[in-house]
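Presented below is the structure to which this report refers.
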Amino acid sequence: MKVLLDSAVDAFHVGLAQRPNRRKDMAEAAKGLRMPSLSASERASLTRIAEHRERALSLARRGDLDEAVMAMNAARILMSLTRFSATVEPAVQSAHYAAVSYLSYRQGDYARARAEMVNALGETNRMSGDNTTLSARRVHLVHNIMKVDAASGSPTDTLKMGFRILRYLAMGPTEWPSDFGPGPQTKPNPLIAEYQSDKIVETMAGAVESLPEGEYAPYCVETKRLSSWKQPPSPRAWSWLSLKRWQFEGQAQRFLSAAASFLSAGPGATPKLWYAVALDIVVSYREYEPERAGRATETMVSAIVNSPTAPSEVRTRLATCYGAPDSLDR
Numbered sequence: 002m003k004v005l006l007d008s009a010v011d012a013f014h015v016g017l018a019q020r021p022n023r024r025k026d027m028a029e030a031a032k033g034l035r036m037p038s039l040s041a042s043e044r045a046s047l048t049r050i051a052e053h054r055e056r057a058l059s060l061a062r063r064g065d066l067d068e069a070v071m072a073m074n075a076a077r078i079l080m081s082l083t084r085f086s087a088t089v090e091p092a093v094q095s096a097h098y099a100a101v102s103y104l105s106y107r108q109g110d111y112a113r114a115r116a117e118m119v120n121a122l123g124e125t126n127r128m129s130g131d132n133t134t135l136s137a138r139r140v141h142l143v144h145n146i147m148k149v150d151a152a153s154g155s156p157t158d159t160l161k162m163g164f165r166i167l168r169y170l171a172m173g174p175t176e177w178p179s180d181f182g183p184g185p186q187t188k189p190n191p192l193i194a195e196y197q198s199d200k201i202v203e204t205m206a207g208a209v210e211s212l213p214e215g216e217y218a219p220y221c222v223e224t225k226r227l228s229s230w231k232q233p234p235s236p237r238a239w240s241w242l243s244l245k246r247w248q249f250e251g252q253a254q255r256f257l258s259a260a261a262s263f264l265s266a267g268p269g270a271t272p273k274l275w276y277a278v279a280l281d282i283v284v285s286y287r288e289y290e291p292e293r294a295g296r297a298t299e300t301m302v303s304a305i306v307n308s309p310t311a312p313s314e315v316r317t318r319l320a321t322c323y324g325a326p327d328s329l330d331r
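Note that my numbering has the sequence shown beginning at 2, numbered continuously upward.
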């Protein structure tokens, strides 16, 4: 056990040194929304529509929901007054439906949020353009549907959908869930697919935590099937899915091995998951090697405490449970 624990600690430091990816750039690219060629009048109208829509989204994020609704209505009115070409109109509608979905989500109207995101996906299926870009958009929108399901208290549905999309990202177009419309002709760009896999697993993680005690068996069964899939787009995502399975099944050695693989890949697009697993290693060390744990994990704890990207809940748990330094509260 000591060797596995030390390997996991070493993997943490290897991962910590990994160059962070450009998460904001990747998040924008993963949306896969590129407008076709626009006429001058279409461009002018779209600029005004986008201004109202983005203002609505900004207001919704701040909690100013009434003003957000008014801004979104202004965008809708401008859309109704503009005549877009047959190639541009689906992209405009897709963006609008997705924005309305987000506003409904913030209002707590999850049924409408889901319906509007399905509408956005339907409009995407009407779009023409680069296949890899459109594939990324389809995945992005289905991931948003997953988030709505998770928020509405459907962890089992969230996990089922997550595994289905991950299977498509690993195996290709033939695995696209047919209930989401025509399948993409290809997969997203590999870097985008890796990013999307990580973010989907991050959403699945929240659903896993919401599963009732003792109802982990279906998750473990699905995870066992990962080994039959082709090369995963994100080894980091696959490692996390596996380590949770071993954790649920109480197989400590396999958990530590999978955790080391996950940590060595670095935080990537999911620093919250990465640091949570790092904390699990600190806990495991104190459980299995209590006499050595303090010295063996000292630099690891210090790195977590002083990392600007470590989630506050992880740092707080270290301070509360393990007597981390006061700098935790900085």
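From the three backbone atoms N, C-alpha and C, an ideal C-beta is built for every residue, glycine too.
query: Who are the near neighbours of Thr159 in its chain, counting only those whose CB is closer than 6 angstroms to its CB and skipping five residues on each side?
result: As a working note, residue 159 is residue 158 in the sequence shown. For Thr159, the CB contacts under 6 angstroms within the same chain, skipping 5 residues up- and downstream, are Met147, Asp150, Ala151 and Ala208 in chain order.
- prompt: Around the Cβ of Asp180, are there at least 16 other Cβ atoms within 10 angstroms (buried) or fewer (exposed)?
  reply: To locate residue 180, count along the sequence shown from 1; it is residue 179. Under this definition Asp180 is an exposed residue.
field: Cβ contact (3+ pairs, closer than 8 angstroms) linking the segment 239 to 255 and the segment 189 to 197
entry: As far as the Cβ criterion goes, the segment 239 to 255 does not touch the segment 189 to 197, which means the pair count is below three.
- request: Go ahead and label Ser1 buried or exposed: buried means 16 or more other beta carbons lie within 10 angstroms of its beta carbon, across all protein chains shown.
  value: Nothing about residue 1 can be read from this structure; the chain reaches only from 2 to 331.
Buried versus exposed call for Asp330 [16 or more other C-beta atoms within 10 Å across all chains shown]: Position 329 of the sequence shown, counting from 1, holds the residue named residue 330. The predicted position of Asp330 is uncertain, since its pLDDT is 37 and thus under 50; no value can be drawn from it.
task: Please classify Ala87: does DSSP put it in a helix, a strand, or coil?
output: Mapped onto the sequence shown, residue 87 falls at position 86. Ala87: coil per DSSP, three-state reduction.
- request: Could you check what DSSP says for Asp199 in three-state terms: helix, strand or coil?
  value: Counting from one through the sequence shown, the residue named residue 199 turns up at place 198. Note: Asp199 maps to helix in three-state DSSP.
field: Simplified DSSP assignment, three categories, for Ala253
entry: In the sequence shown, residue 253 corresponds to position 252, counting from 1. Looking at Ala253 - three-state DSSP - the assignment turns out to be helix.
query: For Leu6, which residues from the same chain have a beta carbon less than 8 angstroms from its beta carbon, with the 5 sequence-adjacent residues on both sides left out?
result: Here residue 6 corresponds to residue number 5 of the sequence shown, with the count starting at 1. Same-chain partners within the cutoff: Leu257, Ile282, Ser285, Tyr286, Tyr289, Glu290 and Ala297.
query: Just the Cα atoms here: how many angstroms apart are Glu314 and Ser308?
result: As a first step, residue 314 is located in the sequence shown; it is residue number 313 there, counting from the start. As a first step, residue 308 is located in the sequence shown; it is residue number 307 there, counting from the start. For Glu314 and Ser308, the distance between alpha carbons rounds to 13 angstroms.
field: Gly109, buried or exposed, once every other Cβ within 10 Å from all chains shown has been counted against 16
entry: By one-based count along the sequence shown, residue 109 stands at place 108. By the neighbour-count rule (16 or more Cβ atoms within 10 Å), Gly109 is not buried but exposed.
task: Compute the Euclidean distance between the alpha carbons of Ala325 and Tyr276, then round it to the nearest angstrom.
output: Residue numbering aside, residue 325 sits at position 324 when the sequence shown is read from its first letter. Residue numbering aside, residue 276 sits at position 275 when the sequence shown is read from its first letter. Note on Ala325: pLDDT 48, under 50, position unreliable in the model; the coordinate value appears next. Rounded to whole angstroms, Ala325 to Tyr276 spans 15 angstroms at the Cα level.
message: Give the list of continuous alpha helix (DSSP H) stretches no shorter than 4 residues that lie fully inside the segment 95 to 159.
response: Runs found: 111 to 127 and 132 to 152.
query: Which one of Met80, Ala9 and Phe13 has the shortest CA to CA distance from Ser42?
result: Numbered from 1 along the sequence shown, position 41 holds the residue referred to as residue 42. Each of Met80, Ala9 and Phe13 was checked against the Cα of Ser42, and the nearest Cα belongs to Met80.
message: I want to check one thing, is the minimum distance from the CB of Gly173 to the heavy atoms of the ligand MG below 7 angstroms?
response: This structure does not include the ligand MG; it has no bound ligands of any sort.
query: Do the CB positions of Ala87 and Ile50 come within less than 8 angstroms of each other?
result: Position 86 of the sequence shown, counting from 1, holds the residue named residue 87. Position 49 of the sequence shown, counting from 1, holds the residue named residue 50. Their beta carbons are not under 8 angstroms apart, which means Ala87 does not touch Ile50 by this criterion.
message: Buried or exposed for Lys367, going by 16 or more other Cβ atoms inside 10 Å?
response: Residue 367 cannot be examined here, being either before or after the span of the chain that is shown, 2 to 331.
field: Start-end ranges of the beta strand (DSSP E) lying completely within the segment 173 to 235, minimum 3 residues
entry: For the segment 173 to 235, not a single whole beta strand (DSSP E) run of length 3 or above is found.
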